[in-house]
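In terms of this note's numbering, the sequence shown is residues 29 to 496. Inspection log for the structure reproduced underneath, given as structure tokens.
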Amino acid sequence: MEDVVIVDGHARGIIAKNLVTGKLERFTANAVVIATGGYGNTYFLSTNAMGCNCTAAVQCYRKGAYMANPSYVQIHPTCIPVHGDKQSKLTLMSESLRNDGRIWVPKKLEDAKALQAGTKKGSDIPEEDRDYYLERRYPAFGNLVPRDVASRAAKERCDKGFGVNNTGLAVFLDFSESINRLGLDTILQRYGNLFDMYEEITDVNPGEVANEINGVKYYNPMMIFPAIHYTMGGIWVDYELMTTIPGLFSIGECNFSDHGANRLGASALMQGLADGYFVLPYTIQNYLADQALWGKVPTDRPEFDEAEKAVNAEIDRLMGIHGKRSVDSIHKELGHIMWEYVGMGRTKEGLEEGLKQLKALREEFNTNLFIPGKKEGLNIELDKAIHLRDFILMGELVAYDALHREESCGGHFREEHQTEEGEAKRDDEHFFYVGCWEYQGDDNKTPELIKEPLEYEAIKVQTRNYKN
Ligand SMILES: Cc1cc2nc3c(=O)[nH]c(=O)nc-3n(C[C@H](O)[C@H](O)[C@H](O)COP(=O)(O)OP(=O)(O)OC[C@H]3O[C@@H](n4cnc5c(N)ncnc54)[C@H](O)[C@@H]3O)c2cc1C
């Protein structure tokens, strides 16, 4: 889908690109539902499939749908660390590993330095020199703290120099204790497929004894590091899953609903299934019941002509840039800006710098992009360029939202707003609302913020505590 078609203020169809022939096609309907996933690939490297993109959602935003809470991005703590600058994808190791695996870094900086230099292995470091920092900081939950907390704690240790691989951006996830306690067979029954996957990618077998110190067997620990995984923000919808454009619905990860600032494990299942099976089939009928339904909707209406013309003109514009940089090289740069300035720890200064760089990157995209081939037929680079245009806009939205939200809340951590112990500090007095952003008619214009207050009647709002 390249665009949504609005007729008399209501969503009445889409313009889609046939990815094989390159032809634009028109589809009409009495209502439009987008279920096109999240915007995690804005960061270039993420656990998402490489085809995931936010073009449909961003195009709905350009047509008037609000984008809500874009700064709420989930960073998953258990991914295989980045291993070089030629990588295009990150691999997620399962959350379940934290049930029996223990996360640690060395207690001593000299051990961390030796690990980084490759002169020591994790299994050379005995029990008493290991810092199980999640168990130390969060005794009540230990390794099972939520993803945002576990991710930030890993970043904190690595920022202090305790990272365990050559880039200093990794921590250990170790099964020695659980294998010694429960036996290798039990652990393999639980995680054998994940051990295989880890070995396949890294050539290290976490189920293999690597050392024995004072009669204690130490197995090869896995290395993990946080990575972009899920986006809690997205298109704003009401309780009927309708966006601010009548007749346009949004379900699954591409809407903002259900999760708030923090998504817990497995709950995309809840959102995907609940939205698609249990909510929308009923609520969409409420909308349709009030509409004068079109029998066979004509696709030769001026609104369809106009939308198709605009998509075509945009494709011609992109094909005509004839610059020097590939889509991926600009996308990679976008990812660096996002991770550096709009990533796990955000500051006012960093976000302002990030926004400055994002604007410069859009200019670079618009003047120096190179798309090989023709617009007719299959042209994957062209499709990626369209997605990149929208990732840049989405990146700005994440940054605007993160900049204005002067508090730390779930997946959004502002370094200026933390407790003395480094925990997130919310400001419910000033930020107890959904931040919705409205497009102002041009990608270069700053979007307008609209606040939807949060009102809880049945539950008491509390601050999270994983310590006791
Ligand atoms: C590695 C990994 C592990 C995960 N593990 C879990 C888990 O254990 N439990 C859990 O609950 N969640 C998990 N999640 C999250 C969950 O998988 C996703 O949130 C969920 O799949 C989103 O579903 P969706 O239908 O909203 O979007 P998606 O599954 O992303 O589907 C979107 C679809 O829209 C299509 N699309 C995109 N743009 C366009 C366009 N412009 N035009 C037409 N089509 C388009 C895409 O091709 C895709 O088919 C995991 C995610 C990842 C990446």
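Even for Gly, the Cβ is constructed at its ideal location relative to N, Cα and C. All figures in this text were calculated on a predicted structure; none of them were measured in a lab.
**Request:** Please go through the region 327-387 and give each complete alpha helix (DSSP H) segment of 4 or more residues, from N-terminal end onward.
**Result:** Counting whole runs of 4 or more residues, the region 327-387 contains the alpha helix (DSSP H) stretches 330-347 and 355-369.
**Prompt:** Skipping 5 residues on each side, what residues in its chain have a beta carbon closer than 8 Å to that of Leu316?
**Reply:** In chain order, Asn58 and Ala59 place their CB closer than 8 Å to the CB of Leu316, counting only its own chain and leaving out the 5 sequence neighbours on each side.
**Request:** Would you kindly work out how many angstroms separate the C-alpha atoms of Glu156 and Ala84, rounded to a whole number?
**Result:** Rounded to the nearest angstrom, the two C-alpha atoms are 53 Å apart.
**Asked** Given that a residue counts as buried once 16 or more other Cβ atoms are within 10 Å of its Cβ, and exposed if not, what is His104?
**Response** In summary, His104 is buried, with 16 or more beta-carbon neighbours lying within 10 Å of its beta-carbon over all protein chains present.
**Message:** Could you check if Ala63 belongs to the surroundings of ligand 1, using beta carbon to heavy atom distance under 7 Å?
**Reply:** Yes, ligand 1 has a heavy atom inside 7 Å of this Cβ.
**Prompt:** With distances taken between CB atoms, is the gap from Val33 to Phe332 smaller than 8 Å?
**Reply:** Yes, these two residues count as a Cβ contact at 8 Å.
**Asked** If we count the other Cβ atoms within 10 Å of its Cβ and call it buried at 16 or more, is Asn194 buried or exposed?
**Response** A residue is called buried once 16 or more other Cβ atoms fall within 10 Å of its Cβ, and Asn194, having fewer, is exposed.
**Request:** Output the boundary residues of the alpha helix (DSSP H) element that contains Cys82.
**Result:** Neither: Cys82 is in no alpha helix (DSSP H) and is coded neither H nor E.
**Message:** Please classify Ile420 as buried or exposed, where buried requires at least 16 other C-beta atoms within 10 Å of its C-beta.
**Reply:** So Ile420 ends up on the buried side.
**Prompt:** With 16 as the cutoff for other CB atoms within 10 Å, does Glu444 come out buried or exposed?
**Reply:** Classification for Glu444: exposed.
**Prompt:** So Val61 is in the alpha helix (DSSP H); what residue range does that whole segment cover?
**Reply:** Where Val61 is concerned, there is no enclosing alpha helix (DSSP H), although the beta strand (DSSP E) it sits in stretches over Val60 to Ile62.
**Asked** Just checking, does the region 217-232 make contact with the region 259-271 on the three C-beta pairs under 8 Å criterion?
**Response** Contact between the region 217-232 and the region 259-271 is absent, because fewer than three Cβ pairs lie under 8 Å.
**Request:** Please classify Val307: is it buried, with 16 or more other beta-carbons within 10 angstroms of its beta-carbon, or exposed?
**Result:** By the 10 Å Cβ count, Val307 comes out buried.
**Message:** Taking a contact to mean a Cβ-Cβ separation below 8 Å, would you say Leu500 touches Phe393 in this structure?
**Reply:** Outside the displayed range of the chain (29 to 496) lies residue 500, so it cannot be described from this structure.
**Request:** Tell me whether Gly150 is buried or exposed, calling it buried when 16 or more other Cβ atoms sit within 10 Å of its Cβ.
**Result:** It is buried - the Cβ of Gly150 has at least 16 other Cβ atoms within 10 Å.
**Request:** Leaving out five residues on either side along the sequence, give the residues of the same chain with a beta carbon under 8 Å from the beta carbon of Glu485.
**Result:** For Glu485, same chain residues with a beta-carbon under 8 Å away, outside a window of 5 residues either side, do not exist.
**Request:** Could you tell me which uninterrupted beta strand (DSSP E) segments, each at least 3 residues in length, are contained entirely in the region 413-496, listed from first to last along the chain?
**Result:** Listed in chain order, the complete beta strand (DSSP E) runs (minimum 3 residues) inside the region 413-496 are 461-466 and 476-481.
**Bridge partner(s) assigned by DSSP for Cys107** = Partner(s): Leu120 and Phe253.
**Prompt:** So, Gly439 versus Ala296, is the Cβ gap smaller than 8 Å?
**Reply:** Taking the C-beta atoms as reference points, Ala296 is found no nearer than 8 Å to Gly439.
**Prompt:** Any heavy atom of ligand 1 closer than 7 Å to the Cβ of Gly423?
**Reply:** No, ligand 1 has no heavy atom inside 7 Å of this Cβ.
**Request:** From the DSSP output, read off the bridge partner residues of Lys148.
**Result:** The partner list for Lys148 (beta bridge, DSSP) is empty, contrary to what the question assumes.
**Prompt:** If we call anything under 8 Å between Cβ atoms a contact, is Glu480 one with Arg454?
**Reply:** The answer is no: Cβ separation not under 8 Å.
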